[in-house]
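Enquirer: Mind having a look at this structure? Questions to follow.
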Amino acid sequence: MIDPAVAIFAALAGTAGGAMNALAGGGTFATMPTLIALGLPSPIANATSNVSLQPGAISAAWAYRKDLGPLGGASVRTLTAITFIGGIVGSLLLVATPARTFDIVVPWLLLLATLALAFGRTASNALHHHLTIGIKTLLVVQCLLGIYGGYFGGGVGLMMVAAWGLLARAEPHLLGAHRTLMLAVANAAAAIIFIAAGMVAWGLAAPMLVGSVVGGYVGARLARVLPAPVIRYVTLGVTAAMTIIFFWRAYA
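Read in order, the letters of the sequence shown correspond to residues 29 to 280 in my numbering.
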C-alpha cells in the first residue's frame with residue numbers, strides 16, 4: 029500500500045504535468061523527476077510517467093478537438109498513423125536500453141528540443157527562402173518525432189511545434205490542438221509496449237494518472253486564452269532548465 033503523502037505528491041506532479049502538456053508541452057519534466065526522486069530507475073520512471081500522462085493528454089486533445097485541421101498538406105489521420113508507428117518503435121528501443129545509457133542520451137535529446145524551440149522560427153525562414161519543403165519531408169520528420177516520443181517523450185511536444193514551424197511555417201500558438209493529439213498518440217503507442225513489458229510502477233502511476241486528467245483539461249482551457257509570447261517563453265524556460273538539470277544528473 030502506497031503512503032498517502034507519496035500518493036498526494038504523485039497526484040500533484042501528475043496535475044502539473046498534464047497542465048504543462050496541454051499548455052505548452054514538457055509535462056514529462058514535472059512527472060519523471062518526481063518519480064526518480066521517489067526511487068524509480070530512469071527507464072521505469074520514464075515508462076511510468078508516459079502511462080500516467082496519457083489520460084491527461086487525451087483530455088487535452090478532446091478540449092482542443094475543434095481546432096484540428098491539415099498541417100503542411102498532411103491530413104490529421106496521416107500524421108496520427110505515422111506518429112503511432114513511430115511511438116511503437118521508440119518504446120521498443122527504450123525497453124532494450126540499459127538505464128545508464130538512457131541517462132547519458134536524455135540530456136542531449138533535451139538540448140536538441142531547446143535549440144529547436146529557440147531557433148526554429150529563424151531557421152524556418154532561412155530554410156524556406158532557399159528550399160521548397162514537401163509533404164514527404166514533413167512525414168519523415170514526424171515519424172522520427174514519433175520514435176523520439178516513444179523512446180523518451182520529454183519535450184516531444186515542443187520539438188513537434190518547432191519542426192512544424194520549420195517545415196510547414198505554422199505559427200506555434202496555433203498548434204496546440206495538433207501538439208496535444210500527437211502527444212497523446214505517441215504516448216498511447218508507448219503505453220502499450222511499456223505495460224506489456226511490465227515497466228510501469230502502478231502504485232505511483234495511479235494517483236499521477238488521476239492528476240494528469242485534471243491538469244490536462246485545465247491546461248488546455250488556459251492555453252486558449254493566454255498570450256502566445258507568454259506560452260513560448262515559459263515553455264523555453266522550462267525546457268532549458270530541465271536540460272541543465274539532466275546534464276548535471278548525467279555527468280556531474
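Backbone N, C-alpha and C fix where the C-beta goes; we use that ideal spot for every residue, glycine too.
With the cut-off set at 9 Å, would you say Pro32 and Val241 are in Cβ contact?
Expert: For this step, residue 32 is matched to residue 4 along the sequence shown. For this step, residue 241 is matched to residue 213 along the sequence shown. No. Outside cutoff.
Enquirer: Taking the CB atoms as reference points, tell me whether Thr56 and Gly46 lie closer together than 9 Å.
Expert: Start at 1 with the first residue of the sequence shown, and residue 56 comes out as number 28. Start at 1 with the first residue of the sequence shown, and residue 46 comes out as number 18. No, the Cβ-Cβ distance between Thr56 and Gly46 is not below 9 Å.
Enquirer: Which residue marks the beginning of the alpha helix (DSSP H) containing Met188, and which one marks its end?
Expert: Numbered from 1 along the sequence shown, position 160 holds the residue referred to as residue 188. Element bounds for Met188: 184-196.
Enquirer: Alpha carbon to alpha carbon, how far is Ile175 from Leu107? Give it in angstroms, no decimals.
Expert: Within the sequence shown, residue 107 is the residue found at index 79, counting from 1. Within the sequence shown, residue 175 is the residue found at index 147, counting from 1. Those two C-alpha atoms are separated by around 13 Å.
Enquirer: If you draw a straight line from the C-alpha of Ile113 to the C-alpha of Gly177, how long is it?
Expert: Here residue 113 corresponds to residue number 85 of the sequence shown, with the count starting at 1. Here residue 177 corresponds to residue number 149 of the sequence shown, with the count starting at 1. Going by the C-alpha atoms only, they are around 11 Å apart.
Enquirer: Can you give the beta carbon distance from Gly181 to Ala39, rounded, assuming they're within the 8 Å contact cut?
Expert: Taking the sequence shown and counting its residues from 1, one reaches residue 181 at position 153. Taking the sequence shown and counting its residues from 1, one reaches residue 39 at position 11. The Cβ separation is near 20 Å, so there is no contact.
Enquirer: What does a CB cutoff of less than 7 Å around Val28 pick up in its chain, not counting 5 residues either side in sequence?
Expert: No information on residue 28 is available, as it lies outside the stretch 29 to 280 that the chain covers here.
Enquirer: Could you check whether Thr142 and Gly183 sit closer than 9 Å to each other, using their CB atoms as the reference points?
Expert: Taking the sequence shown and counting its residues from 1, the one referred to as residue 183 is at position 155. Taking the sequence shown and counting its residues from 1, the one referred to as residue 142 is at position 114. Against a cut-off of 9 Å, the Cβ pair of Thr142 and Gly183 comes out as a contact.
Enquirer: Got a sec? Which residues, its chain only, sit under 6 Å from Ala205 by beta carbon, not counting five neighbours each side?
Expert: Numbered from its first residue, the sequence shown carries residue 205 at position 177. So the list reads Tyr92, Asp95, Leu96, once near-sequence residues are dropped.
Enquirer: Identify which residue in Ile36, Gly42, Met48 has its Cα closest to the Cα of Leu250.
Expert: One-based indexing of the sequence shown puts residue 250 at position 222. Checking every option, the nearest Cα to that of Leu250 belongs to Met48.
Enquirer: Which whole runs of the alpha helix (DSSP H) in the segment 222-260 are 4 residues long or more, in chain order?
Expert: Whole alpha helix (DSSP H) segments, 4+ residues: 230-251.
Enquirer: Are the beta-carbon atoms belonging to Leu66 and Phe37 less than 9 Å from one another?
Expert: Your numbering for residue 66 matches position 38 in the sequence shown. Your numbering for residue 37 matches position 9 in the sequence shown. Yes, these two residues count as a Cβ contact at 9 Å.
Enquirer: To which residues does DSSP link Ala102 through a beta bridge?
Expert: To locate residue 102, count along the sequence shown from 1; it is residue 74. Partner(s): Leu99.
Enquirer: Can you tell which of Leu120, Leu167, Leu232, Val104 has the C-alpha that lies nearest to the C-alpha of Ile30?
Expert: The count along the sequence shown starts at 1 and reaches residue 30 at position 2. It is Leu232.
Enquirer: Below 9 Å between beta carbons: does that hold for Leu203 and Val189?
Expert: By one-based count along the sequence shown, residue 203 stands at place 175. By one-based count along the sequence shown, residue 189 stands at place 161. Yes, they are a contact pair.
Enquirer: Return the first residue and the last residue of the alpha helix (DSSP H) that Leu81 is part of.
Expert: Along the sequence shown, read from residue 1 onward, the residue named residue 81 stands at position 53. Unbroken alpha helix (DSSP H) run through Leu81: 70-92.
Enquirer: Tell me which residues share the same chain as Tyr179 and place their Cβ nearer than 6 Å to its Cβ, disregarding the 5 neighbours each side in the sequence.
Expert: Against the sequence shown, residue 179 aligns to sequence position 151. Here the set comprises Gly118, Leu121, Leu122.
Enquirer: Given Ile116, which residues of its chain have a CB within under 8 Å of its CB, disregarding the five upstream and five downstream residues?
Expert: Residue numbering aside, residue 116 sits at position 88 when the sequence shown is read from its first letter. Cβ neighbours of Ile116 beyond the five flanking positions: Gly178, Ala217, Ala218, Ile220, Ile221.
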